[in-house]
Amino acid sequence: MTEPAPATASADVSPGGCPAHADVLPLYGPRFLRNPSELYREMRQEHGSVVPVVLEGDIPAWFVIGYREVHHVLSHPEVFARDCRRWNEWDNIPPDWPLRPFVGYQPSTLFAEGDEHRRRAGAISNSLFVVDQFDLRNKSEKIADELIDAFAMRGEAELMAEYAHPLPLLVLARMFGLPEAETPGLLRDMMTTVNGDEGALDAYQGICATMERLVAHKAEQPGADFVTRMMNDSADLTEEELIADLVLVMTAAQQPMAYWIGNTVRLMLTDDRFSLNLAGGRRSVGQALNEVLWEDTPTQNYLGRWAARPVHLGGQQINTGDLLVLGLAAANSDPRVRPAADAPAVGNQAMMSFSYGEHRCPFPAPELAEVICEAAVEVLLDRLPDVLLAVDPGDLEWSPSVWMRGLVDLPVRFAPSYVSG
């Protein structure tokens, strides 16, 4: 197996195989909020394509930010494995560590490998493949209209809380056959979990409990929905496997879609290339969605992969059991694949936003996500063609997460509009 070419920088490695503290950078803190792409450029210049870092709590890891190196890691699951039980740092991880929900072992597709992963991922793909994209588009538009109706007459709205977050959750809830009464608590739990806020572990358990109740409900009242199809798939999932994979699909879909919607609306309201076309917004929504995946992709960094054996990567010595954090956003901005950082990404689909390789988002999940997000943005522009930001673009606040890139709020104003239907 051929490894990527060494990077220009190297770092000391401690005897235990972890990055030495003298050379590491913290992979947390306020520097990630405003302009993470600039921080990634600085990291690349100083350390190369594989950077020694510490996570919250002074936990060591390797941050892979080169496009070629990320591609290599994702292409070789036999070396950079997914089962987190390989981690050589578990003895140092406190029970209340806020990132435990991301790395703590669960019997889900996320941590499965080889034939087991293919069996589990196949059930998800099979159950998503039969989703009618035209029907999904219609459902998404209907939900978008219902949400806009709630604020159209006010002439102002906060689009993240009132639109971008609830819309994908409501669409997913209908796909899952989830009772409507469950959605507010589920949204709250997912926000807490993804942001790593206080109570993240309890919130994650709340998501699991919601899915457990849903499985029990579908066992008694099956329907033409994603959960029922998963239960009946030839993969013959156990109840534990089923619940774990439903939690995975729901959490991996809702928050990225919410931020994809919000980031796209922000781009179209602040960039002249798009704002000049708002009245005919449908022409440029697809272009804006694609550009966001390159420039402000919702999933910025991903935990993780664990080295199955000692290996060199980007000029660094990675030891057995070391944790690798995948810098998907940093890879998207790697000058080796995008020499001109400000060059438009029209038509370029080679971004790492949906990951790559065996553990990428299962087909056709990216297509379905695009259908939902495109409908959300298009309906908003159709219903509110004169929508404008209610604050200066520089005053918009980004979510305090190293892992996700999305706005805390998106206040807008517009001429009071009619209620649909």
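When we follow our numbering, the leftmost residue of the sequence shown carries the number 717, and every step to the right adds one. Just so it is clear, CB atoms sit at the ideal spot from N, CA and C, and this is done for glycine as well.
Simplified DSSP assignment, three categories, for residue i
| i | result |
| --- | --- |
| Phe1079 | coil |
| His737 | Residue placement at His737 is poorly supported in this model, since its pLDDT is 45, which falls under 50; the coordinates are not used for a value here. |
| Gly838 | helix |
| Ile1034 | strand |
| Leu790 | helix |
| Thr1015 | strand |
| Tyr1134 | coil |
| Trp813 | coil |
| Pro1116 | coil |
| Arg1121 | coil |
| Pro742 | strand |
| Phe796 | strand |
| Leu902 | helix |
| Val1202 | One cannot answer for residue 1202 here, as it falls past the ends of the chain, which runs 717 to 1137. |
| Val1157 | In this structure the chain extends from 717 to 1137, so residue 1157 is not present and cannot be described. |
Bounding residues of the beta strand (DSSP E) (the contiguous stretch that carries residue i)
| i | result |
| --- | --- |
| Phe779 | 775-780 |
| Ala828 | Segment: none, Ala828 is in no beta strand (DSSP E) and carries neither H nor E. |
| Val769 | 766-771 |
| Leu1040 | 1039-1043 |
Sequence-distant residues of its chain with Cβ nearer than 7 Å to residue i (five each side left out)
| i | result |
| --- | --- |
| Gly1002 | Glu1090 |
| Glu1086 | Leu1005 |
| Asp949 | Ala839, Asn842, Ser843 |
| Thr908 | Gly915, Ala916, Ala919 |
| Leu886 | Ile859, Thr899 |
Neighbourhood of residue i by C-beta distance below 8 Å, restricted to the same chain and skipping five residues each side
| i | result |
| --- | --- |
| Glu955 | Val931 |
| Met927 | Ile959, Leu962, Val963, Met966 |
| Glu805 | Cys734, Ile775, Pro776, Gly1037, Leu1039 |
| Ala797 | Glu829, Arg1021, Trp1022, Ala1023, Ala1024 |
Beta-carbon proximity list for residue i, same chain, < 6 Å, skipping 5 on both sides
| i | result |
| --- | --- |
| His737 | Reliability of the predicted coordinates at His737 is poor, the pLDDT of 45 falling under 50, and no value is obtained from them. |
| Glu896 | none |
| Ala1023 | Ile1034, Thr1036, Asp1038 |
| Ala974 | Ala880, His881, Pro884 |
| Val902 | Just to set this straight, residue 902 is Leu in the shown sequence, not Val. Cβ within range, chain order: Thr926. |
| Phe818 | Leu1019 |
| Asp1125 | Glu874, Met876 |
Range of the contiguous alpha helix (DSSP H) that encloses residue i
| i | result |
| --- | --- |
| His763 | 752-763 |
| Arg945 | 942-948 |
| Glu862 | 849-865 |
| Leu883 | 882-892 |
Residue-chain proximity (residue i, chain D), Cβ-Cβ < 8 Å
| i | result |
| --- | --- |
| Tyr1134 | Protein chains in the displayed structure number just one, and chain D is not present. |
(request) Examine the Cβ distances between the region 1082-1098 and the region 943-952 and report whether three or more of them are shorter than 8 Å. (result) In short, these stretches do not touch, since the Cβ pair count stays below three.
(request) Evaluate the contact criterion for the region 1125-1135 versus the region 1095-1104: three or more CB pairs, one atom per stretch, below 8 Å. (result) yes
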